[in-house]
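Asker:
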Ligand code: HEM
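In my numbering, the protein residues as written are 13 to 245.
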């Protein structure tokens, strides 16, 4: 149910009415869930939020909005990034299979190389910002920050269009930058490392079952992903 609604919210081709309907449906579901956690509190985020509400630190709307953001931002992102990572990795699987300790550097390089964050971030400057090239972003200017361009900038690292899971890609901006940097990046990194390592452990012979050129990217949503990735082992 929430997969269907979050897809509707994230698709680039929905109508405002469709998006609002999906937002409301998720909101109602989470509202009910919060009420259940109020009567039977547990050791979880929603219970902790409800306790804060009782201390008048969060309103009902705050809880629903936060839970909805975490649900969408936490699920669609990592799930799609696993598919993109496996696709990009196919040519390098042997390397990772031989040396699973490369998982951490592989995940950073994969996030840099092909991130689900295909849309650019937008910001408004609150002060003049001089750039190294001599330009100045003026206070009040709207700015579009293109994550993919930044991650493929040859000034950031050499041969940026090559995937090299042995290199240290730390410093990439797949999770954004600054105060609004992704709050879920620690669990996302961990999920990706575990998923890739376990996938190779469970299916040592994992390989694509049809030519990789036929793989279709799902580019109709704000979060990039794959329609499918048929494999065999
Ligand atoms: C591969 C996985 C992920 C990628 C590539 C990713 C990427 C991003 C990016 C680019 C931003 C915007 C940063 C900015 O505006 O500067 C962001 C924000 C955010 N992400 Fe993630 N994310 C991932 C996984 C997750 C997970 C697992 C969660 C939750 C458990 C999550 C929760 C959030 C939230 C709540 C924000 C908004 C932060 C704010 O505006 O202060 N993300 N993410």
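By construction, the Cβ of each residue, glycine as well, lies at the ideal position given by its N, Cα and C atoms.
For residue 136, which residues from the same chain have a beta carbon less than 8 Å from its beta carbon, with the 5 sequence-adjacent residues on both sides left out?
Answerer: Answer for residue 136: 152, 153, 154, 155, listed in chain order.
Asker: From residue 173 to residue 58, what does the alpha carbon distance come to, in whole angstroms?
Answerer: Near 41 Å, if we compare the C-alpha coordinates of residue 58 and residue 173.
Asker: Alpha carbon to alpha carbon, how far is residue 21 from residue 15? Give it in angstroms, no decimals.
Answerer: In a straight line, the C-alpha of residue 15 is about 10 Å away from that of residue 21.
Asker: Mapping the DSSP letters down to three states, classify residue 134 as helix, strand or coil.
Answerer: The answer is strand: DSSP assigns residue 134 an E or B state.
Asker: Is DSSP giving residue 6 helix, strand or coil here?
Answerer: Past the boundaries of the shown model lies residue 6; the chain is included only from 13 to 245, so the question cannot be answered.
Asker: What residue range does the beta strand (DSSP E) around residue 175 cover?
Answerer: Careful: residue 175 lies outside any beta strand (DSSP E) and carries neither H nor E.
Asker: Check whether the segment 35-47 and the segment 75-83 are in contact - that is, three or more C-beta pairs closer than 8 Å.
Answerer: Enough Cβ pairs lie closer than 8 Å, so yes.
Asker: With which residues is residue 129 paired in a DSSP beta bridge?
Answerer: DSSP output for residue 129 lists 235 as bridge partner(s).
Asker: Run through the DSSP bridge pairs and tell me what residue 230 is partnered with.
Answerer: Beta-bridge pairing links residue 230 to 237.
Asker: In the DSSP assignment, the alpha helix (DSSP H) including residue 86 goes from what residue to what residue?
Answerer: Start and end: 72-101.
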